[in-house]
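> Start counting at 1 in the sequence shown, then tack on 97, and there's your number in the numbering used here. The C-beta atom is built at its ideal place from N, Cα and C for all residues, glycine as well.
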Amino acid sequence: MKHYLLIPLLAAASTLHASDALAGYTGPGATAVTTTVAQARQQRDDHAVLLLGHLVAKVGDERYRFRDATGEIEVEIDDKDMPHQAIGAATTVELLGKVDTHRFKATDIEVKRVQVLPPR
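Structure follows, in C-alpha cells:
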C-alpha cells in the first residue's frame, strides 16, 4: 500500500525539478534581451529580441515594417503567430523574436510572438 503513495510523490517531485531546468540561465553572463530597433541591428544572428512599438506597414507576404523610437526594421511574422484582432499603425505591439542577419540584404527580425498592448 505504501508503494502506491510513493510513486505519485516521486513523479511530482521530478516534475518540479524539470520545470526549473527549462527556465534557462539568468545569472551573470546571461544574454540580455534587446529592447530597441537600434540595438537589434547591432546584434549577431539568432540574438533574442523583445521590441515595443508599432507595425506601420505590410511590405509583403508575412512581412511588415516595425517602428520604435530608435528606427525601423523589417519583421517576418507567420500568419499563425498574428493575433486574431485588428492591428493598425497606431496600435502598440510587443514582438518577441530573434535577429536574422543576411549576407546580401538588411538584418530583419523573425517574430515568434505578437502581443497587442492596451492603449495608454
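#1: Among the residues of its own chain, which have a CB less than 8 Å from the CB of Arg217, if the five just before and after it don't count?
#2: Contact between the region 133 to 142 and the region 171 to 190: three or more CB pairs below 8 Å?
#3: Cutting at 8 Å between CB atoms, please list the residues of its own chain near Asp158, excluding the five before and the five after it.
#4: For Lys155, which residues from the same chain have a beta carbon less than 7 Å from its beta carbon, with the 5 sequence-adjacent residues on both sides left out?
#5: If you run the structure through DSSP and keep just helix, strand and coil, what is Asp178?
#6: Determine the direct distance from the alpha carbon of Ala145 to that of Ala120, and round the result to whole angstroms.
#7: Got a sec? Which residues, its chain only, sit under 6 Å from Ala118 by beta carbon, not counting five neighbours each side?
Looking at the coordinates:
#1: So the list reads Thr189, once near-sequence residues are dropped.
#2: Touching, no, given that fewer than three Cβ pairs across the two stretches are closer than 8 Å.
#3: Here Asp158 has no same chain residue with a Cβ atom under 8 Å from its own Cβ, once five neighbours each way along the sequence are excluded.
#4: Contacts found: Tyr161.
#5: Helix at Asp178.
#6: Confidence in Ala120 is poor, its pLDDT being 49 and thus under 50, which makes the residue's placement too unreliable to answer from.
#7: Interpretation of Ala118 is limited by its pLDDT of 37, a score under 50 that renders its predicted location unreliable; the figure taken from the coordinates is listed afterwards. Nothing listed; no residue qualifies.
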